[in-house]
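Numbering (our numbering), first residue to last: 231 to 402.
Structure first, then comments.
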């Protein structure tokens with residue numbers, strides 16, 4: 231058992247995986263609906279105008295499908311991990327590629343653009359790998375849905391999904 235498996239980190243990673251899988255499933259059910267999520271050690275929030283019934287069905291299906299071996303559902307291309315990784319690598323690559331006082335400004339601009347493109351491509355690849363290895367965990371163990379609460383703030387809708395994970399000793 232490594233540090234990434236110890237709670238609360240382990241619970242956050244498992245909840246993050248279920249959040250991603252839930253958004254994958256909801257996106258298939260409601261392709262025109264914008265959604266986002268955020269996970270913590272107690273569960274996760276889905277932002278988006280979706281019925282509570284659809285959320286409940288999607289969360290249950292997400293857990294079932296991940297347990298059945300569909301670990302790819304735990305990874306999402308629009309995850310904040312990808313966005314932050316891509317932004318960092320793009321900034322760093324652009325800065326490094328355009329550095330140097332001796333070159334002409336147009337040379338530095340061209341180098342900077344190439345650096346930015348390399349950063350974007352590398353960021354997407356690295357971000358997906360970081361999700362798979364660090365920020366999510368598809369080994370769910372014993373998890374159950376405790377409650378789903380719908381909250382509305384004007385036109386904004388969110389659902390709080392509270393999950394409970396059994397201690398590691400009970401997960402067999």
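The beta carbon of each residue, even a glycine, is placed where N, CA and C say it ideally should be.
A quick note: this is a predicted structure, and the numbers were derived from the prediction, not measured.
| Check | Outcome |
| --- | --- |
| Between the CA atoms of residue 315 and residue 356 - distance to the nearest angstrom | 7 Å |
| Exposure label - residue 335; buried when at least 16 CB within 10 Å | exposed |
| Test item: CB-CB of residue 353 and residue 320 under 8 Å | yes |
| Residue 271: first and last residue of the uninterrupted alpha helix (DSSP H) it sits in | Where residue 271 is concerned, there is no enclosing alpha helix (DSSP H), given that its DSSP letter is neither H nor E. |
| Same chain, Cβ closer than 7 Å to residue 323, five either side skipped, listed in chain order | 345, 346, 348, 349 |
| Any 3 or more C-beta pairs closer than 8 Å across the region 287-302 and the region 245-262 | yes |
| Cα-Cα separation between residue 386 and residue 273, rounded to whole angstroms | 20 Å |
| Residue 365 versus residue 260: straight-line alpha-carbon distance, rounded | 26 Å |
| In chain order, each alpha helix (DSSP H) run of at least 4 residues that lies wholly inside the region 282-352 | 282-297, 310-328 |
| As assigned by DSSP and simplified to three states, the class of residue 262 | coil |
| Buried or exposed by the 16-neighbour rule on C-beta atoms within 10 Å, applied to residue 359 | exposed |
| Best match in 231, 394, 361, 235 for proximity to residue 311 [C-alpha to C-alpha] | 361 |
| Under the three-state DSSP convention, the category residue 250 falls into | helix |
| Cutoff 8 Å; reference residue 233; Cβ partners in own chain excluding five residues on either side | 239 |
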